[in-house]
Amino acid sequence: MVVEEKKGLHLSTTTIGVREQKKKKISPNNLIKKFKSLSFIYTLYTSPPQFMMEISPANIKEQSRSRSRSRTRNSTANSRSTSATRRPSLSSTHRRSLSSSSLNKLTITTTQVDQERSVPSVQVYLDNSLPLDFFKQDIIALTKTLKISKWHKRQLTINNLSINRISGALTNAIYKIEYHDESQNIHLPTLLLRVYGKNVDELIDRDNELAILIKLSQKRIGPRLLGIFSNGRFEQFLDGFITLNKEQIRDEILSQMLGRRMKDLHYKIELDAKDYESKQPTCWNLIDKWLKIFEQELLPGYLEVNYNLQDIFIVPFDQFKQIITKYKYWLFNKYDDKHFTNNYKFCHNDTQYGNLLLHESFNPKDIVVSTSDTTNSSNNIIDGEVTIKSTSNKKDTNLVVIDFEYSGANFPAYDIVNHFSEWMSDYHDPEKSYFIHQENYPNQLEQINLIKSYIEYDFQYPSSNLKTGKTPEDLINNTTNPISIIQYEIEKLYNECIYWRATVQIFWCLWGLIQNGPLKKPLNSNALSEQGINSTYNITVGGIENLDISDHTQDEIAGSNNDALIEEIITSSDDDFDYLKYANQKVALIFGDLIQFGIIDEKEVDEKYLSIIKYIDTKTFDI
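Residue numbers (the working numbering): 81 to 703.
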């Protein structure tokens, strides 16, 4: 995040989503139009509404590099979120800026969290595409309206308000909000502002998400929810936490920590009775919903322009649907159908690295447990020569999972293999952020490292009713060695992850199609790149030199409103991420697994698409 205050404007350059964007370039032909457009905006707000405070120019000052990181996408950043994209919305709901309302006319409601806490809510829309000073003014107005603790009783001015766009969100626009008034020694608690992205109403049930956040808040899990408005919310900013990156999630110690943290979510967050009424877990309910949306709302646009859907689905769309249905029945039949819903647990469903925060004080060496004898241990899971390190759970709270937009009742195997699948993505790749690197999928030992930690922590038996050659009763009655039972559970969960892997790819394939929205002609990339960003909560501070205005002549720059040029670059949020190629990459993984399972025959695939299919090992344990 680059932030500079120059010539009375507080300027922030941002990266859209987890996917790093190319540097934004504005052609000389469009430069005057953009200036005129921005000028019009400023004219429009020359006489602010009554509730708006007096706007004072920002002070010119040097900013230092921030170590704070926060956020997910995404978020793909890193919920999955594509921060305020300009894509056409699938919803026709009219949204008004807070700037068009009057505070004294707003109705404040409260949502009860527990006996002691409630969360205020107001029906207004926050427009994050406004010029920065007016966006800041609206934020201040909202903090007062929602009575955000320690913020609403202060007389605040925009020149002391700092906004940093947080990279990494794939579904929303995320901001770090700070207020420092050195002259009066006022330093308010840092806030996390989340503004929902476009097209996400079709992807996310916000009412359900709110219910989940309240449930988590009751358990003191995750950041506190501070205030809600129509298209976003304020949350506690977790100071001292940094987002994991694609390299850190491969660390064997951190991977074990994550296994235990996932177990806590799965078994310590109770599901509601209605969750067990669903015949399908959350992921499959959403898959069915998104398939219907694509077919009814988006598919006609593809057909209208004669788009070759096999370039996405490898086979005709109707055949793709049939394949999904066939696979679903194959998967569900691996479980005891009479007690199918007993496998449901509360799952996060999006444990990509942008949604994992680690406290900056954590040292992995502090939790390694020295073991002298591993002979009778499940550590030797693969063969007698392979030993997995043991770690303590004493500092597990240093790892925090955030962004529960897709959470709900699901099979734990889905949650775990979704995380494994994210090992293959690099959302910060400046050229091919959509690409899936199947060679980066964790090998057997890396998978078992996490699974073993998950199974052994707060041991649950049986962990699922997957059909195997042995029943739980058989194991209990025929062995006196608890290690053999633990190893059985590890191998069983490993197999389940293999079986559920294609579900993960189907889920995110359809997510990409819905996020893409209606088919449109490709646009030239003109988004601004942010240097050195590799995680959601990574915030850097720099100057105007980071902006690429190389397309403009010196005369153009000198003779124009340079501040306007910069702010136009900042407030623009066009999204370059190629959702269609991302969806196709997921399809390539789906076909790779289902061919190996025997659900699809290679002969069903046109020869020209065979080369793009991605194969990952599907070998399972014989149990």
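Yeah, the Cβ is synthetic: ideal placement off N, Cα and C, and Gly gets one too.
What residue from the options has the CA that sits closest to residue i's CA?
i       : options                               : result
Leu-590 : Thr-225, Leu-371 and Ser-263          : Leu-371
Asp-658 : Asp-476, Tyr-689, Ser-513 and Ser-472 : Ser-513
Glu-519 : Arg-286, Trp-503 and Gly-302          : Trp-503
Ser-229 : Ile-243, Val-199, Tyr-507 and Asp-207 : Val-199
Asn-575 : Gln-540, Leu-599, Trp-588 and Ile-528 : Ile-528
His-499 : Gly-339, Leu-690, Thr-700 and Ala-663 : Gly-339
Leu-305 : Ile-284, Tyr-382 and Lys-227          : Lys-227
Asp-287 : Gly-312, His-267, Lys-348 and Pro-303 : Gly-312
Leu-290 : Tyr-205, Gln-217 and Ser-201          : Ser-201
Ile-284 : Pro-303, Phe-587, Asp-207 and Leu-324 : Phe-587
Met-337 : Lys-469, Glu-511 and Ile-556          : Lys-469
Asp-344 : Leu-334, Tyr-537, Val-385 and Asn-545 : Tyr-537
Leu-573 : Trp-364, Phe-314 and Lys-414          : Lys-414
Asp-478 : Asp-702, Glu-258, Asp-218 and Ile-301 : According to the sequence provided, residue 478 is Asn. The question's Asp does not apply to it. Measuring from the Cα of Asn-478, the nearest candidate turns out to be Ile-301.
Ile-188 : Ile-219, Glu-375 and Thr-225          : Thr-225
Leu-530 : Ile-333, Gln-360 and Tyr-568          : Ile-333
Leu-584 : Asn-422, Lys-683, Ile-220 and Leu-411 : Here residue 584 turns out to be Val, not Leu, going by the sequence shown. Comparing Cα positions, the closest option is Leu-411.
Thr-431 : Asp-398, Asp-391 and Ser-501          : Ser-501
Asn-435 : Ile-578, Asn-252 and Ile-266          : Asn-252
Gln-264 : Lys-661, Phe-374 and Leu-236          : Leu-236
Asn-443 : Thr-421, Asn-423, Thr-471 and Thr-467 : Thr-471
Asp-656 : Lys-699, Ser-358 and Asp-509          : Asp-509
Taking DSSP as the reference, what is the three-state secondary structure of residue i?
i       : result
Ser-505 : strand
Asn-490 : strand
His-717 : No statement about residue 717 is possible, as the shown extent of the chain runs from 81 to 703 and does not include it.
Ile-679 : coil
Pro-200 : strand
Phe-314 : strand
Val-449 : strand
Thr-431 : coil
Glu-377 : helix
Val-385 : coil
Ile-308 : strand
Tyr-659 : helix
Ile-301 : coil
Thr-700 : coil
Phe-321 : strand
Ile-496 : helix
Ile-284 : coil
Tyr-407 : helix
Ile-535 : helix
Tyr-276 : strand
Ile-528 : helix
Ile-349 : coil
Ile-228 : coil
Ile-394 : coil
Glu-684 : helix
Please work out which residues of its chain come closer than 8 Å, Cβ to Cβ, to residue i, disregarding the five sequence neighbours upstream and downstream, and give them in chain order.
i       : result
Thr-362 : Cys-427, Asn-429, Tyr-486, Ser-487, Gly-488, Ala-489 and Asn-490
Ile-696 : Gln-518, Tyr-521, Arg-581, Leu-669, Gly-672 and Asp-673
Thr-190 : Ser-198, Val-199, Pro-200 and Ser-201
Glu-526 : Arg-330, Glu-332 and Ser-335
Lys-216 : His-90, Ile-238, Leu-241 and Ile-243
Please go through the same chain and pick out, in chain order, the residues whose beta-carbon is closer than 6 Å to the beta-carbon of residue i, but skip the five residues on each side of it.
i       : result
Ile-112 : Confidence in Ile-112 is poor, its pLDDT being 43 and thus under 50, which makes the residue's placement unreliable; the coordinate value appears in the next sentence. Taken in chain order, the list of residues that qualify is empty.
Tyr-689 : Ile-394
Leu-599 : Gly-381 and Tyr-382
Asn-545 : Tyr-415, Asp-416 and His-419
Ser-505 : none
Tyr-276 : Asn-252, Asn-311 and Gly-312
Gly-320 : His-439 and Glu-440
Pro-492 : His-346 and Lys-425
Leu-296 : Gly-302
Using DSSP bridges, identify the partner residues of residue i.
i       : result
His-419 : Note: His-419 sits in no beta bridge, so no partner.
Phe-426 : Ala-489
Tyr-695 : Partner(s): none; Tyr-695 has no beta bridge.
Ser-209 : According to DSSP, Ser-209 bridges with nothing at all.
Thr-471 : Val-448
Val-480 : Leu-437
Ile-294 : For Ile-294, which the question treats as bridged, DSSP gives no partner whatsoever.
Ile-188 : Val-202
Here's a check: name, in chain order, each residue in its chain whose Cβ is nearer than 7 Å to the Cβ of residue i, leaving out the five neighbours to either side.
i       : result
Tyr-255 : Ile-243, Asn-244, Arg-245, Ile-246 and Leu-273
Asn-473 : Arg-340 and Tyr-537
Ser-127 : Residue placement at Ser-127 cannot be trusted, given a pLDDT of 35 that sits under 50; what the coordinates show is reported in the next sentence. If we look at Ser-127 and ignore the five residues flanking it on each side, it has no Cβ neighbours.
Ile-680 : Ile-403, Phe-671 and Leu-674
State yes or no: is the beta carbon of residue i nearer than 8 Å to at least one beta carbon in chain C?
i       : result
Ile-679 : Among the chains in the structure shown there is no chain C, since it carries only a single protein chain.
**Prompt:** At which residue ranges does the stretch 234-274 contain complete beta strand (DSSP E) runs of 3 or more residues, listed in the order of the chain?
**Reply:** The stretch 234-274 contains, as complete beta strand (DSSP E) runs of 3+ residues, the segments 241-246 and 252-261 (chain order).
**Request:** Note down, one range per segment and in chain order, each beta strand (DSSP E) of at least 3 residues found wholly within the stretch 539-569.
**Result:** Fully enclosed beta strand (DSSP E) runs of 3 or longer: not present.
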